[in-house]
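Since the structure comes first, as structure tokens, the remarks are kept for the end.
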Amino acid sequence: MNWQRLWLGFLLPLTVSCRAVGPGEKEAAVDYLLQYGYLQKPLEGPDNFRPEDVIEALRAFQEASELPVSGQLDDATSARMRQPRCGLEDPFNQKTLKYLLLGHWRKKHLTFRILNLPSTLPSSTARAALLQAFQYWSNVAPLTFREVKAGWADIRLSFHGRHSLYCSNSFDGPGRVLAHADIPELGSVHFDEDELWTEGTYRGVNLRIIAAHEIGHALGLGHSRYTQALMAPVYAGYRPYFKLHPDDVAGIQALYGKKSPEIEEEEEEEDTALPTIPLVPTEPSPMPDPCSSDLDAVMLGPRGKTYAFKGNYVWTVTDSGLGPLFQVSALWEGLPGNLDAAVYSPRTQWIHFFKGDKVWRYINFKMSPGFPKKLNRVGPNLDAALYWPINKKVFLFKGSGYWQWDELATTDFSRYPKPTKGLFTGVPDQPSAAMSWRDGRVYFFKGKQYWRLNQQLRAEKGFPRDIAHNWMHCRPPNTTASDGDTDSSVTGTDHAATG
Ligand SMILES: [Ca+2]
Ligand SMILES: [Ca+2]
Ligand SMILES: [Zn+2]
Ligand SMILES: [Zn+2]
81 MNWQRLWLGF
91 LLPLTVSCRA
101 VGPGEKEAAV
111 DYLLQYGYLQ
121 KPLEGPDNFR
131 PEDVIEALRA
141 FQEASELPVS
151 GQLDDATSAR
161 MRQPRCGLED
171 PFNQKTLKYL
181 LLGHWRKKHL
191 TFRILNLPST
201 LPSSTARAAL
211 LQAFQYWSNV
221 APLTFREVKA
231 GWADIRLSFH
241 GRHSLYCSNS
251 FDGPGRVLAH
261 ADIPELGSVH
271 FDEDELWTEG
281 TYRGVNLRII
291 AAHEIGHALG
301 LGHSRYTQAL
311 MAPVYAGYRP
321 YFKLHPDDVA
331 GIQALYGKKS
341 PEIEEEEEEE
351 DTALPTIPLV
361 PTEPSPMPDP
371 CSSDLDAVML
381 GPRGKTYAFK
391 GNYVWTVTDS
401 GLGPLFQVSA
411 LWEGLPGNLD
421 AAVYSPRTQW
431 IHFFKGDKVW
441 RYINFKMSPG
451 FPKKLNRVGP
461 NLDAALYWPI
471 NKKVFLFKGS
481 GYWQWDELAT
491 TDFSRYPKPT
501 KGLFTGVPDQ
511 PSAAMSWRDG
521 RVYFFKGKQY
531 WRLNQQLRAE
541 KGFPRDIAHN
551 WMHCRPPNTT
561 ASDGDTDSSV
571 TGTDHAATG
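In the working numbering, the protein residues as written are 81 to 579.
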């Protein structure tokens, strides 16, 4: 790393703000600041960043990069942005100069699997580099990593390129983004197959160091503001005598504690005593029955597809019947099951999924960089979400209140939540799901029933009705043949015919 930093150090006094910056370079810088979380989408849409916001973002980036803080796009700043780096965001909004924690595993004995290797290294060298990468962490924290050659593993390492069937984040060819990883307890660690992966040389990109960095993410560490830490976002180059920075060690020990020799021995005994325990990926969850389940979330997705979510499963609802049940994570990689809410916005093409205090963003089935994020400005554990095409806003519901969110503006949430009943008349508190549908109506779902709202957002007469019968194409319950049922069969054709 050091020659690069030295080079920058020499360069700085000579070139700071001496040269006019071309428009292309400025755009690239804004893209970079956006991509890595220094700059947020502005009020007026994607093209108009307020100059003061860009300056502020540049200052934050320069501060985090240990560059002179000018707020100007000088040569040193541009050069820094061109350096190869990790694909994860730098959420450096806090001022503490300390490791950042993103989550942790609830166990200390983890398995890993190497799914493929780079073509640029002999496979034994590449494997040794990856194994060594795990060791940096197990040397300082009470963690063990056991390789498995088949089946599920907690941490899965693989190389992919610009396009990948199984990863929602594509890579960008040689240079720039080198690798990315999921935070706990997801476990994907991906390397850009277009890099020149090397070991023991200053040429190319050192596989061992980058793997150790990405495994750090997989274990729950975020980016460090110490540019010399392993967890710094920018690749600092090959170091023959590489070791963890004190900030890396403090970070992993904050998550998993310090390594103590006695604990290690105990754990090894445990491991040998139970060698044949099958590895279960996640707690198996029962497949829901669309005819008898309530729903976690519903969404009118891209291309007018209606999705219903329950537990770990999702299925589509069409006029002619239901699609097959898929694991949620099989369609949206990296997304957990048991969601709180889901909403697709035709305005931005963004799909937002909510669960607990987190939000995930996807475009189609690709997760956007930097997600999931923490839900800071609206309450956690939302009930439901919908997009309302009339005002092009996203509505988030919890309990008896709602937040109205403009996806492309910095919304002032200080006056929210507002009472749901003030805007949506006749709908239940704590809805289990909600959406605007193809017929232009808003639907609320709760338990086994749903409500349809008219253009004035009032629940229509004759509702609630039966979800299973009218949406899930289930036979009406044969126990009762009340007016409710005759009404339902009308709605069944009603909502099906309009699509
Ligand atoms: Ca790359
Ligand atoms: Ca829900
Ligand atoms: Zn990183
Ligand atoms: Zn990937």
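By construction, the Cβ of each residue, glycine as well, lies at the ideal position given by its N, Cα and C atoms.
Predicted, not measured: the structure shown is a model, and the values here were computed from it.
Identify the continuous alpha helix (DSSP H) that holds residue i and give its terminal residues.
i      : result
Gln581 : Absent from the model: residue 581. The displayed extent of the chain is 81 to 579, so no value can be given.
Trp217 : Ser203 to Ser218
Phe239 : Phe239 -> not in any alpha helix (DSSP H); beta strand (DSSP E) instead, spanning Ile235 to His240.
Phe141 : Pro131 to Ala144
Arg288 : Leu287 to Leu299
Val439 : Taken as a continuous stretch (DSSP letters only), Val439 belongs to no alpha helix (DSSP H), being part of the beta strand (DSSP E) at Lys438 to Ile443.
His189 : Note, His189: premise wrong, no alpha helix (DSSP H); beta strand (DSSP E) at His189 to Ile194.
Quick check on DSSP: helix, strand or coil for residue i?
i      : result
Leu276 : coil
Glu227 : strand
Leu180 : coil
Tyr424 : strand
Phe389 : strand
Gly459 : coil
Ala309 : coil
Met379 : strand
Ser448 : coil
Val329 : helix
Leu359 : At Leu359, the pLDDT of 35 sits below 50, so the modelled position is not reliable; the number obtained from the coordinates is stated separately. Coil, per DSSP.
Phe406 : strand
Phe543 : coil
His270 : strand
Phe475 : strand
Ala464 : strand
Arg160 : helix
Tell me the DSSP bridge mates of residue i?
i      : result
Asp155 : Bridge partners of Asp155: none, in fact.
Pro499 : Gly481
Cys166 : Ala259
Tyr523 : Met515 and Arg532
Lys453 : Val439
Leu147 : Answer is none; Leu147 lacks a bridge partner.
Arg538 : Thr505
Trp395 : Ala388
Within a Cβ cutoff of 6 angstroms, which residues of the same chain sit near residue i, ignoring the five residues on either side of it in sequence?
i      : result
Leu276 : Thr200 and Gly284
Gly331 : Tyr179 and Leu301
Asp463 : Phe477, Lys478, Gln510 and Pro511
Arg139 : Val149 and Gly151
Thr505 : Arg538
Ala291 : Leu210 and Ala213
Gly253 : Asp274
Arg532 : Arg521, Tyr523, Glu540 and Phe543
His193 : In the sequence on display, residue 193 carries Arg and not His. Once the five neighbours on either side are set aside, the close Cβ partners of Arg193 are Val228, Ala233 and Arg236.
Gly459 : Lys478
Pro366 : none
What residue range does the beta strand (DSSP E) around residue i cover?
i      : result
Lys435 : Trp430 to Lys435
Gln529 : Gln529 to Leu533
Ala109 : Here Ala109 belongs to no beta strand (DSSP E); instead the alpha helix (DSSP H) covers Pro103 to Gln115.
Ile470 : From DSSP, Ile470 is part of no beta strand (DSSP E); its letter is neither H nor E.
Please return the same chain residues whose Cβ sits closer than 7 angstroms to the Cβ of residue i, not counting the five positions on each side in sequence.
i      : result
Pro164 : Gly255, Arg256, Leu258, Val285 and Tyr315
Glu273 : Pro198, Phe239, His240 and Gly241
Thr191 : Arg226, Val228, Ala233, Asp234 and Leu359
His325 : Tyr306, Gln308, Ala309 and Leu310
Leu195 : Arg236, Leu237 and Ser238
Ala34  : Residue numbering for the chain in the displayed model covers 81 to 579; residue 34 lies beyond these limits and cannot be assessed.
Gln115 : Pro449
Round the Cβ separation of residue i and residue j to the nearest angstrom and send it over; I've been treating them as touching at under 8 angstroms.
i      : j      : result
Lys528 : Ala513 : Actually they are not in contact, since the Cβ atoms of Lys528 and Ala513 sit about 12 angstroms apart, beyond 8 angstroms.
Leu310 : His297 : Leu310 to His297, Cβ: 11 angstroms. No contact.
Ala489 : Val423 : 17 angstroms between Cβ atoms; not a contact.
Glu413 : Tyr282 : Wrong, their Cβ atoms sit about 35 angstroms apart, outside the cutoff.
Gly520 : Lys498 : Not confirmed; about 23 angstroms, so no contact.
Ala421 : Phe406 : With 8 angstroms as the limit, Ala421 and Phe406 do not qualify as a contact, their Cβ atoms being about 19 angstroms apart.
Pro452 : Trp440 : 5 angstroms
Phe580 : Val110 : Outside the displayed range of the chain (81 to 579) lies residue 580, so it cannot be described from this structure.
Gly167 : His260 : 4 angstroms
Val408 : Tyr393 : 7 angstroms
Lys473 : Trp485 : 6 angstroms
Here's a check: name, in chain order, each residue in its chain whose Cβ is nearer than 8 angstroms to the Cβ of residue i, leaving out the five neighbours to either side.
i      : result
Leu375 : Ala388, Phe389, Lys390, Ser512, Ala513, Phe525 and Ile547
Leu335 : Leu181, His184, Ala221, Leu299, Gly300 and Leu301
Gly401 : His553
Phe445 : Ser248, Leu411, Trp412 and Glu413
Asp327 : Lys178, Tyr179, Ser304, Tyr306, Ala309 and Met311
Lys106 : Leu153
Gly381 : Tyr387, Tyr424 and Ile431
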